[in-house]
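*Asks:* The structure that follows is given in the form of structure tokens.
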Amino acid sequence: MYGLWKPRVMGAWKVPASGPVILAVNHSHNIDGPMVMGTAPRPLHFLIKQEAYVGPLGPFLDGIGQVKVDRAGADRRAIGRALGVLDQGGALGIFPEGTRGEGDFASLRAGLAYFAVRSGAPIVPVAVLGSGDTPGRLVKGLPALKSRVDVVFGSAFDAGDGSGRRTRTALDEATVRIQDRLTAHLADAKRLTGR
1 MYGLWKPRVM GAWKVPASGP VILAVNHSHN IDGPMVMGTA PRPLHFLIKQ
51 EAYVGPLGPF LDGIGQVKVD RAGADRRAIG RALGVLDQGG ALGIFPEGTR
101 GEGDFASLRA GLAYFAVRSG APIVPVAVLG SGDTPGRLVK GLPALKSRVD
151 VVFGSAFDAG DGSGRRTRTA LDEATVRIQD RLTAHLADAK RLTGR
């Protein structure tokens, strides 16, 4: 990432150095995941849609420990692998909106709340800004080479309410709390970076 673009990383020290943690990343461009993986202070296991596992990219993603997800339904194998990452004290990366979009955390899926409440792992909000600002001249689907991309890590927080409940209501309430925190972090990151 540092060879192709100019990442400016802020707040990486806020990511817990050990123990299970979930990095919740906004997603507006296809390099957001690789950018966070390349700049995070810990190795990450991202939930990645199975459609990305094409050609040689599939074995590569498997080899670096990413988690393939079939988004057509509840992918129990992917859920088990992701919980396994957290059970072993690892760092799990999630795009809580489920797909690329505006990157504004406006519509969260329930997966992030499920993993956070089920595992008890804290969530670190991550804002990637500038990845879609200037398209490259050679490859229009990538940012211009040597352009600045800001990666802003926020403070870790717990999604649960402390009761230990894992009901549908508890997950819905956790999703609302998470969305509030992620949206606030994104606004702070935009202010901090001037974007």
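Numbered per the UniProt record's numbering, the sequence shown spans residues 1 to 195. Note that CB positions come from ideal geometry on N, CA and C, so glycine has one too. Because the structure is a prediction, the values reported are computed rather than measured.
Express the C-alpha separation of Asp-32 and Ala-52 in angstroms, rounding to a whole number.
*Replies:* Near 14 Å, if we compare the C-alpha coordinates of Asp-32 and Ala-52.
*Asks:* Look at the alpha carbon of Ser-147 and the alpha carbon of Leu-186, and state the distance between them as a whole number of angstroms.
*Replies:* Cα to Cα, Ser-147 sits roughly 20 Å from Leu-186.
*Asks:* So what's Lys-49 in DSSP terms, helix, strand or just coil?
*Replies:* The answer is strand: DSSP assigns Lys-49 an E or B state.
*Asks:* In terms of residues, what are the limits of the alpha helix (DSSP H) holding Ile-178?
*Replies:* It spans 168 to 193 - the alpha helix (DSSP H) in which Ile-178 sits, taken as one unbroken run.
*Asks:* Could you give the first and the last residue of the continuous beta strand (DSSP E) run that contains Leu-92?
*Replies:* Per DSSP, Leu-92 belongs to the beta strand (DSSP E) from 91 to 94.
*Asks:* Going by CA-CA distance only, name the one from Asp-158, Ser-18, Gly-19 that's closest to Ala-113.
*Replies:* The option with the nearest alpha carbon to Ala-113 is Asp-158.
*Asks:* Taking C-beta to C-beta, are Thr-128 and Val-25 nearer than 9 Å?
*Replies:* Per the sequence shown, the amino acid found at residue 128 is Val instead of Thr. In contact: Val-128 and Val-25 (Cβ atoms closer than 9 Å).
*Asks:* Helix or strand or just coil, what does DSSP make of Pro-59?
*Replies:* Pro-59: helix per DSSP, three-state reduction.
*Asks:* Out of Gly-111, Thr-183, Leu-142, state which residue places its alpha-carbon closest to the alpha-carbon of Gly-73.
*Replies:* Checking every option, the nearest Cα to that of Gly-73 belongs to Gly-111.
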